[in-house]
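Worksheet: one structure, shown below.
2 protein chains.
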Amino acid sequence: MKELVKKNDGAGGEMMQTFLNKYVFKHFLETDGGEISLSMADDSAVMNDVVFTIDGHTVYPLFFPGGDIGKIGICGTVNDISVMGAIPMAVAVSLIIEEGITSETVENVVISMKEAALEAGVNIVTGDTKVVERGGVKEMVLSTSAFGKRMPELDRNFELAGKRKTRWLTDNNIMPGDKIIVTGTLGDHGMALFNFREGYKFESPIQSDVAPLNHLMREVVKKGGIASAKDMTRGGMANTLNELSSKSKVGIKIYEEALPVKEAVRSSCGIFGYDPINIGNEGKIAMAVNPEMADEVLKVIKRNKYGKDAAIIGEATDEYNDVVMATEIGGMRRVDAPVGDPIPRIC
Amino acid sequence: MKELVKKNDGAGGEMMQTFLNKYVFKHFLETDGGEISLSMADDSAVMNDVVFTIDGHTVYPLFFPGGDIGKIGICGTVNDISVMGAIPMAVAVSLIIEEGITSETVENVVISMKEAALEAGVNIVTGDTKVVERGGVKEMVLSTSAFGKRMPELDRNFELAGKRKTRWLTDNNIMPGDKIIVTGTLGDHGMALFNFREGYKFESPIQSDVAPLNHLMREVVKKGGIASAKDMTRGGMANTLNELSSKSKVGIKIYEEALPVKEAVRSSCGIFGYDPINIGNEGKIAMAVNPEMADEVLKVIKRNKYGKDAAIIGEATDEYNDVVMATEIGGMRRVDAPVGDPIPRIC
Chain A
5 MKELVKKNDG AGGEMMQTFL NKYVFKHFLE TDGGEISLSM ADDSAVMNDV
55 VFTIDGHTVY PLFFPGGDIG KIGICGTVND ISVMGAIPMA VAVSLIIEEG
105 ITSETVENVV ISMKEAALEA GVNIVTGDTK VVERGGVKEM VLSTSAFGKR
155 MPELDRNFEL AGKRKTRWLT DNNIMPGDKI IVTGTLGDHG MALFNFREGY
205 KFESPIQSDV APLNHLMREV VKKGGIASAK DMTRGGMANT LNELSSKSKV
255 GIKIYEEALP VKEAVRSSCG IFGYDPINIG NEGKIAMAVN PEMADEVLKV
305 IKRNKYGKDA AIIGEATDEY NDVVMATEIG GMRRVDAPVG DPIPRIC
Chain B
5 MKELVKKNDG AGGEMMQTFL NKYVFKHFLE TDGGEISLSM ADDSAVMNDV
55 VFTIDGHTVY PLFFPGGDIG KIGICGTVND ISVMGAIPMA VAVSLIIEEG
105 ITSETVENVV ISMKEAALEA GVNIVTGDTK VVERGGVKEM VLSTSAFGKR
155 MPELDRNFEL AGKRKTRWLT DNNIMPGDKI IVTGTLGDHG MALFNFREGY
205 KFESPIQSDV APLNHLMREV VKKGGIASAK DMTRGGMANT LNELSSKSKV
255 GIKIYEEALP VKEAVRSSCG IFGYDPINIG NEGKIAMAVN PEMADEVLKV
305 IKRNKYGKDA AIIGEATDEY NDVVMATEIG GMRRVDAPVG DPIPRIC
């Protein structure tokens with residue numbers, strides 16, 4: 005029997021890893037190359053000292069509290085470049101539009117991309133537009149690609165981080181003892197979209213946290229001691245920490261009471277049976293930092309407007325092989341990567 | 005009344021220029037930058053000596069005689085980098101898949117991308133996969149981005165081309181007297197898709213010409229004297245030559261009898277009332293060459309397997325402001341850019 009593609013095959017969780025390994029990576033590994041290659045499945049690739057990334061965006065609806073598909077498109081690629089330890093230079097935009105939507109909708113997405121690019125200080129230098137017949141896509145999908153160059157402060161950052169596997173802030177660079185920091189509250193983006201879709205358009209105070217984090221990343225690298233950084237998108241913090249743990253071959257222990265979660269997100273998750281650690285952000289980063297530098301790095305993050313709620317939430321450890329959480333009631337439980345994304349089409 | 009997006013707004017012709025100027029470029033010009041910038045709307049952008057491009061692909065059906073959406077994805081970006089005078093280094097792939105298609109379909113597209121990348125000698129280094137609910141996209145769309153580096157032979161090429169506006173093979177680089185070369189037969193890709201869609205699946209001998217042309221471009225640049233190059237996709241040769249003419253502010257005069265067109269394409273166009281000069285290719289380039297070098301460059305092109313049918317089809321001239329064609333019956337007619345694409349979703 006033929007296998008059909010299922011929604012969770014593209015949801016960012018474990019099923020997606022299986023699907024990609026079976027049908028995609030197997031073949032693309034034959035054409036792989038570069039210093040940080042496809043086989044490392046990191047946030048960006050690096051070749052010839054060019055840091056390079058792409059993301060497809062299928063957010064629905066296109067506009068939601070706190071953002072829209074255009075803002076996600078720019079911020080997503082800007083953040084993927086930044087968490088490698090690079091400065092995003094240029095973005096390329098591929099728009100695929102369904103005929104019959106209003107030109108105003110297209111223009112509003114474009115304006116939003118422009119504003120995000122201006123805030124990040126990146127140039128939108130090239131693009132492509134296709135219009136398809138009704139049903140060809142639902143309203144609009146877009147893909148954004150970006151390239152960046154190495155932050156000049158990265159060498160000094162690693163002097164303060166100690167000897168590491170790579171000279172970039174890769175997922176495999178964590179060592180036991182590193183402190184784990186998240187730059188702000190968990191699950192804002194996913195719950196903002198979920199509440200909006202479910203019809204709580206006016207009652208819910210939850211806004212998406214979508215934001216360009218390149219300035220924040222530059223500031224922490226200037227401070228120094230960062231080993232690894234990753235933006236927490238689909239599958240939320242749980243998915244991100246599991247990827248970091250398995251690629252670095254190190255356990256990660258976190259403390260539930262240390263997790264920053266907005267009260268509105270916590271209560272909305274409670275009502276619908278979600279756990280904020282599984283819900284995606286679009287403006288938060290998890291990073292691993294040399295423990296001696298962790299407090300100072302935290303201060304730097306908190307000074308940035310996108311890092312006010314940052315917290316040290318745990319540490320890397322060789323006591324465990326995967327991600328565990330000390331709960332508020334005194335227990336210890338394993339944190340698995342979500343199988344699929346509980347909230348689809350959030351990015 | 006609100007304006008709605010029409011299919012021809014994304015078809016590569018004049019309507020698309022109007023749409024893009026009104027709703028997209030106006031805003032993105034505020035974030036523009038680099039040596040070859042968005043405002044030049046060339047095949048690729050150049051910034052920090054990195055050549056950078058993106059394309060969205062909405063080919064339907066996904067598989068057709070001579071190729072598939074995956075092959076178009078790789079070849080399209082490889083060619084966009086190559087016609088600037090650059091060597092494509094790395095490709096990034098964004099797959100957006102409709103749930104419920106077979107995994108085999110995805111895998112076959114992936115295999116085809118791999119094969120095209122191996123032939124071109126580029127690395128697929130990063131990617132992103134999203135799966136959307138039924139109706140989110142029709143089967144699959146994909147976007148491909150690539151970056152490249154300057155061909156080392158480009159300076160010598162321009163010594164042989166004479167003084168030009170830019171040091172890349174840009175659309176605005178043509179001068180009166182340049183010979184215009186096309187690297188092969190016109191309209192193969194569009195008519196292959198059209199015949200296949202109309203149900204002439206087995207009778208029609210027409211195959212898409214989709215191919216990676218980076219090796220061919222490198223060979224001609226090594227020979228030298230190329231001023232400008234552009235791959236002829238949506239809107240065919242007519243659209244491409246009009247873009248070259250208007251950006252270079254020079255007339256282009258071509259000779260109908262010199263145009264290479266396969267007999268099957270000519271007769272199929274005749275039946276359906278199409279003109280092969282308006283029909284897209286995916287493996288052909290138009291270029292402008294110093295007249296003293298044109299015969300030698302033509303020889304080099306003809307030695308490449310994708311250039312056997314290449315021909316000198318005319319020249320740039322200051323006698324006209326736009327594109328004119330000396331017809332086989334002895335007349336002279338203006339060649340306009342098609343308003344939309346006569347055959348939609350060909351790339």
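First to last, the sequence lines map onto chains A and B. Count along the first sequence from 1, add 4, and you get the number used in the working numbering. Count along the second sequence from 1, add 4, and you get the number used in the working numbering. Here a beta-carbon is modelled for each residue, glycine too, at the ideal position from N, C-alpha and C.
Worksheet item: Along chain B, in chain order, which residues have C-beta atoms closer than 8 Å to that of A49/A?
Response: Position 45 of the first sequence, counted from the start, is the residue given in the question as residue 49/A. Going along chain B in sequence order, the residues near A49/A (Cβ under 8 Å) are A94, A96, V129 and T130.
Fill in: Min CB distance N52/B to chain A below 8 Å
Within the second sequence, residue 52/B is the residue found at index 48, counting from 1. Chain A, which has a Cβ nearer than 8 Å to the Cβ of N52/B, makes this yes.
Item to complete: Consider the Cβ of F200/A: report whether some Cβ of chain B lies at a distance smaller than 8 Å.
Response: In the first sequence, counting from the first residue as 1, residue 200/A sits at position 196. Answer no: the Cβ-Cβ gap between F200/A and chain B never drops below 8 Å.
Worksheet item: Three or more C-beta pairs closer than 8 Å, one from the stretch 123 to 132 of chain A and one from the stretch 182 to 196 of chain A: is that the case here?
Response: Not touching, per the Cβ criterion.
Worksheet item: Measuring CA to CA, which of G152/A, S86/A, E111/A and G89/A is closest to L8/B?
Response: The residue given as residue 8/B occupies position 4 in the second sequence. Measuring C-alpha to C-alpha distances from L8/B to each of G152/A, S86/A, E111/A and G89/A identifies E111/A as the nearest.
Worksheet item: For G239/B, which option in P69/B, E296/B, D59/B and C351/B has the closest C-alpha, if you only look at C-alpha atoms?
Response: Here residue 239/B corresponds to residue number 235 of the second sequence, with the count starting at 1. The shortest CA-to-CA distance from G239/B to any of P69/B, E296/B, D59/B and C351/B is the one to C351/B.
Practice prompt. For G287/A, count neighbouring Cβ atoms within 10 angstroms of its own Cβ and tell me buried if that reaches 16, exposed if not.
Written response: Position 283 of the first sequence holds residue 287/A. Buried, since its Cβ has 16 or more Cβ neighbours within 10 Å.
Worksheet item: Does any C-beta atom of chain B lie closer than 8 Å to the C-beta of F67/A?
Response: Along the first sequence, one-based indexing puts residue 67/A at 63. Closer than 8 Å: no.
Fill in: Within-8 Å CB hit, S232/B to chain A
Along the second sequence, read from residue 1 onward, the residue named residue 232/B stands at position 228. Between S232/B and chain A, the shortest Cβ-Cβ separation is not below 8 Å.
Worksheet item: Looking at C-beta atoms only, is the number of pairs between the stretch 201 to 219 of chain B and the stretch 71 to 89 of chain B that lie closer than 8 Å three or more?
Response: With the cut-off at 8 Å, the stretch 201 to 219 of chain B and the stretch 71 to 89 of chain B touch.
Practice prompt. Would you tell me roughly how many angstroms separate the C-alpha atoms of V225/A and E157/A, rounded to the nearest one?
Written response: What you label residue 225/A is simply residue 221 of the first sequence in a count that begins at 1. What you label residue 157/A is simply residue 153 of the first sequence in a count that begins at 1. The straight-line gap from Cα to Cα measures roughly 6 Å.
Discussion item. Is there a C-beta anywhere in chain B that falls below 8 Å from the one on E7/A?
Written reply: Along the first sequence, read from residue 1 onward, the residue named residue 7/A stands at position 3. At least one CB atom of chain B sits nearer than 8 Å to the CB of E7/A.
Worksheet item: Can at least three beta-carbon pairs, one atom from the stretch 137 to 153 of chain A and one from the stretch 262 to 274 of chain A, be found at a separation below 8 Å?
Response: At 8 Å Cβ cutoff, the stretches do not touch.
Item to complete: Leaving aside the five residues before and after A268/A along the sequence, list all residues of the same chain whose C-beta is less than 6 Å from its C-beta, in chain order.
Response: Here residue 268/A refers to the residue found at position 264 of the first sequence. Around A268/A: P209 and I210.
Practice prompt. Taking only beta-carbon positions, decide if S107/A is within less than 8 Å of chain B.
Written response: Here residue 107/A refers to the residue found at position 103 when the first sequence is read from its first residue. It does; some Cβ of chain B falls within 8 Å.
Practice prompt. Kindly list, in the order they appear in chain B, the residues whose Cβ is closer than 9 Å to that of K153/A.
Written response: Stepping through the first sequence from its first residue, residue 153/A is reached at position 149. N52 and V54, listed in chain order.
Discussion item. Taking the alpha-carbon of V293/B as reference, which of I230/B, T109/B, L42/B and E247/B has the nearest alpha-carbon?
Written reply: On the second sequence, position 289 is the one that residue 293/B refers to. I230/B is the residue among I230/B, T109/B, L42/B and E247/B whose C-alpha sits nearest the C-alpha of V293/B.
Discussion item. Let me make sure I understand the geometry here. Which of R222/B, D299/B and E247/B has the alpha-carbon closest to that of K234/B?
Written reply: As a working mapping, residue 234/B is identified with position 230 in the second sequence. Here the closest residue by C-alpha is E247/B.
Worksheet item: Any idea if M291/A is buried or exposed, counting beta-carbon neighbours within 10 angstroms, 16 or more meaning buried?
Response: Here the question's residue 291/A lines up with position 287 in the first sequence. Here M291/A is buried. Its C-beta has 16 or more other C-beta atoms within 10 Å.
Worksheet item: Per the contact definition of three or more C-beta pairs closer than 8 Å, is the stretch 107 to 121 of chain A in contact with the stretch 303 to 315 of chain A?
Response: Flag = no, the stretch 303 to 315 of chain A and the stretch 107 to 121 of chain A do not touch.
Worksheet entry | Cβ neighbour criterion (16 or more within 10 Å) applied to S43/B | Taking the second sequence and counting its residues from 1, one reaches residue 43/B at position 39. Per the 10 Å Cβ criterion, exposed.
Discussion item. Residues of chain A with CB closer than 9 Å to the CB of L122/B, please, in chain order.
Written reply: Within the second sequence, numbered from 1, the residue matching residue 122/B stands at position 118. Ordered by position in chain A, the residues that pass the 9 Å Cβ test against L122/B are E34 and T35.
Worksheet item: For a contact meaning CB atoms closer than 8 Å, what does S86/B contact in chain A?
Response: Counted from its first residue, the second sequence places residue 86/B at position 82. Neighbours of S86/B in chain A, taken as residues at a C-beta separation under 8 Å, are lacking, since the least C-beta distance is about 15 Å.
Discussion item. For a contact defined as C-beta to C-beta under 9 Å, what are the partners of R349/A on chain B?
Written reply: The count along the first sequence starts at 1 and reaches residue 349/A at position 345. Those within 9 Å of R349/A in chain B are K134, V136, E137 and G140.
Item to complete: In the DSSP assignment, find the unbroken beta strand (DSSP E) run with G255/B in it and report its ends.
Response: Locating residue 255/B in the second sequence gives position 251, where the first residue counts as 1. Taken as a continuous stretch (DSSP letters only), the beta strand (DSSP E) holding G255/B covers G255 to Y259.
Worksheet item: How do the stretch 163 to 182 of chain A and the stretch 246 to 265 of chain A stand: do at least 3 beta-carbon pairs fall below 8 Å, yes or no?
Response: Enough Cβ pairs lie closer than 8 Å, so yes.
Practice prompt. Just grab the DSSP bridge partners of G71/B for me.
Written response: Translated into the one-based positions of the second sequence, residue 71/B becomes position 67. Note: G71/B is bridge-paired with F68/B in the DSSP secondary-structure output.
Item to complete: Put L99/B into one of helix, strand or coil per three-state DSSP.
Response: Along the second sequence, one-based indexing puts residue 99/B at 95. In this structure, L99/B counts as strand in the three-state DSSP scheme.
Worksheet entry | For I85/A and S48/A, believed in contact at Cβ under 8 Å, the rounded distance | For the purposes of this step, residue 48/A is taken as the residue at position 44 of the first sequence. For the purposes of this step, residue 85/A is taken as the residue at position 81 of the first sequence. 6 Å between Cβ atoms; contact.
Item to complete: Put T321/B into one of helix, strand or coil per three-state DSSP.
Response: Residue numbering aside, residue 321/B sits at position 317 when the second sequence is read from its first letter. DSSP places T321/B in strand when its eight states are reduced to three.
Worksheet item: Counting along the chain, where does the alpha helix (DSSP H) carrying I305/B start and finish?
Response: For this step, residue 305/B is matched to residue 301 along the second sequence. Taken as a continuous stretch (DSSP letters only), the alpha helix (DSSP H) holding I305/B covers A298 to R307.
Fill in: The beta strand (DSSP E) enclosing S232/B, as first and last residue numbers
Along the second sequence, one-based indexing puts residue 232/B at 228. Run containing S232/B: I230 to D235, per the beta strand (DSSP E) assignment.
Worksheet item: For S41/B, which residues in chain A fall below 7 Å Cβ to Cβ?
Response: In the second sequence, counting from the first residue as 1, residue 41/B sits at position 37. Correct list: V129.
Discussion item. Which residues of the stretch 272 to 299 of chain B have a Cβ closer than 9 Å to any Cβ of chain A? Give them in chain order.
Written reply: Residues passing the 9 Å Cβ filter: none.
Practice prompt. Please compile the residues from chain B whose C-beta is within a distance smaller than 8 Å of the C-beta of E223/A.
Written response: Indexing the first sequence from 1 puts residue 223/A at position 219. Chain-ordered listing is empty here: chain B has no CB closer than 8 Å to the CB of E223/A, the nearest sitting near 22 Å.
Worksheet entry | Spatially closest choice to T57/B from A96/A, M19/A, T57/A and D59/A, by CA coordinates | Indexing the second sequence from 1 puts residue 57/B at position 53. For T57/B, the nearest C-alpha among the options comes from A96/A.
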